[in-house]
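A.B. asks:
Residue numbers (mature numbering (1 follows the signal peptide of the UniProt record, and there is no 0)): -22 to -1, 1 to 227.
#1: When the Cα atoms are used, what is the spatial distance from residue 69 to residue 167?
#2: I'd like the ranges of any beta strand (DSSP E) spanning at least 3 consecutive residues and lying wholly in the segment 133 to 219.
#3: Measure from the alpha carbon of residue 43 to the alpha carbon of each residue in 107, 171, 192, then state which is nearest.
#4: If we call anything under 8 angstroms between Cβ atoms a contact, is residue 146 one with residue 93?
#5: Helix or strand or just coil, what does DSSP make of residue 224?
#6: Going by DSSP, what residue range makes up the beta strand (DSSP E) through residue 61?
#7: Cβ of residue 154 within 8 angstroms of Cβ of residue 110?
#8: Could you tell me the distance, in whole angstroms, from the CA atom of residue 177 to the CA atom of residue 103?
#9: Go ahead and pull the three-state DSSP assignment for residue 18.
#10: Quick check on the burial criterion: 16 or more other C-beta atoms within 10 angstroms. Buried or exposed for residue 220?
#11: Using the DSSP secondary-structure output, state which residues sit across from residue 24 in a beta bridge.
#12: On the CB-based measure, 16 or more other CB atoms within 10 Å of its CB, does residue 234 come out buried or exposed?
#13: Using CA coordinates, which residue listed in 86, 134, 122 is at the minimum distance from residue 148?
#14: Suppose contacts are defined by Cβ-Cβ distances below 8 angstroms. Is residue 192 in contact with residue 209 by that definition?
#15: Residue 58 to residue 131, Cα distance in whole Å?
#16: Could you name the residues of the same chain whose beta carbon sits closer than 7 angstroms to that of residue 45, not counting the 5 residues immediately before and after it, in chain order?
#17: Give the C-beta separation of residue 27 and residue 49 to the nearest angstrom, bearing in mind that I take them to be a contact with Cβ-Cβ under 8 angstroms.
#18: Using three-state DSSP, classify residue 94 as helix, strand or coil.
#19: How should residue 222 be labelled, buried or exposed, when 16 other C-beta atoms within 10 angstroms of its C-beta is the threshold for buried?
#20: Using DSSP's beta-bridge definition, name the partner residues of residue 73.
#21: Considering only the beta carbon of each residue, do residue 183 and residue 197 sit closer than 8 angstroms?
#22: Whose C-beta lies closer than 8 angstroms to the C-beta of residue 188 among residues of the same chain, with five residues either side of it excluded?
#23: Residues bridged to residue 101 by DSSP?
#24: Do you know offhand how far residue 218's Cα is from residue 31's?
#25: Quick one: give me the first and last residue of the alpha helix (DSSP H) that residue 122 is part of.
#26: Of the residues 172, 81, 82, 90, which one's Cα is nearest the Cα of residue 65?
#27: Would you report the Cα separation of residue 115 and residue 201, rounded to the nearest angstrom?
What follows is the structure, encoded as structure tokens:
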């Protein structure tokens, strides 16, 4: 669960009656914030994991303990997300390097040829991962997921710096990642596929309040003015045929 006080970051988050949040960062210049104008973030949490339903999943897998693939139900959930995004234009798709996120993204993009940019800045809170985190090398991921773009220069390094204990300890890392993506792709529409804690941090940074979202759910944040975001969707599961037990934690 989230441990408040495990990180200190200079943020001013102001939400007005329209639900618009202003993100001001002491480390972000006004010039950098101006480059963020017009950003749209579609945010998807990975679908159900195999280890959610089977404690014995590693008997037939070479993956690390923190890198469970999707369950059969999770694969179906990702396919349903795909149908939802059929008519949504996306400029870039940015994905955590864990298999459950890459498999979710690959299924979402099954009818599209959009490259997947693998971003370590979107990985789960590190205290929940092995040390180092158990995601595989970019070369191996490219073999498993052909849409992976090996030319993408990630915002955060492949070997992430240590962070504190608790879900919100990932917030400074997520903040740096969002700022870096906005600088790389100003005014773009991005699909981010990530995990529970980083998406909670995204809700706080862009929406004003931390929120745990369900698996295979969709959130959306639109920049209405430079540095000001409106939360249009949060943990939306309207695309899922089975909305039970989505594990919003």
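C-beta: ideal position from N, C-alpha, C; glycine also.
C.D. replies: In short, the structure shows the following:
#1: About 5 angstroms.
#2: Those beta strand (DSSP E) runs which fall completely within the segment 133 to 219 and span 3+ residues are 167 to 172, 196 to 203, 206 to 214.
#3: Closest in alpha carbon position to residue 43, among 107, 171, 192, is 107.
#4: No, Cβ-Cβ distance for residue 146 and residue 93 is not below 8 angstroms.
#5: Here residue 224 sits in coil by DSSP.
#6: Careful: residue 61 lies outside any beta strand (DSSP E), inside the alpha helix (DSSP H) at 50 to 62.
#7: In this structure, residue 110 does not lie closer than 8 angstroms to residue 154 by Cβ.
#8: Going by the C-alpha atoms only, they are around 10 angstroms apart.
#9: Strand, per DSSP.
#10: Burial call: exposed.
#11: Bridge partners of residue 24: none, in fact.
#12: No answer is possible for residue 234: the residues shown for the chain start at -22 and end at 227.
#13: Nearest to residue 148 by C-alpha distance, out of 86, 134, 122, is 134.
#14: The answer is no: Cβ separation not under 8 angstroms.
#15: Rounded to whole angstroms, residue 58 to residue 131 spans 30 angstroms at the Cα level.
#16: Annotation for residue 45: 76, 77, 112, 113 place their beta carbon closer than 7 angstroms to its own, counting only its chain and skipping 5 residues before and after.
#17: Going by Cβ atoms, the distance from residue 27 to residue 49 rounds to 6 angstroms, so yes, they are a contact pair.
#18: Residue 94: strand per DSSP, three-state reduction.
#19: Exposed is the call here.
#20: Paired residues: 96, 171.
#21: At least 8 angstroms separates the beta-carbon of residue 183 from that of residue 197.
#22: The answer, listed in chain order, is -21, 146, 178, 179, 181, 182.
#23: The partner list for residue 101 (beta bridge, DSSP) is empty, contrary to what the question assumes.
#24: Separation of residue 218 and residue 31 (C-alpha to C-alpha, rounded to the nearest whole angstrom) is 19 angstroms.
#25: Unbroken alpha helix (DSSP H) run through residue 122: 116 to 122.
#26: For residue 65, the closest C-alpha among the options 172, 81, 82, 90 is that of 90.
#27: One alpha carbon belongs to residue 115, the other to residue 201, and they sit about 33 angstroms apart.
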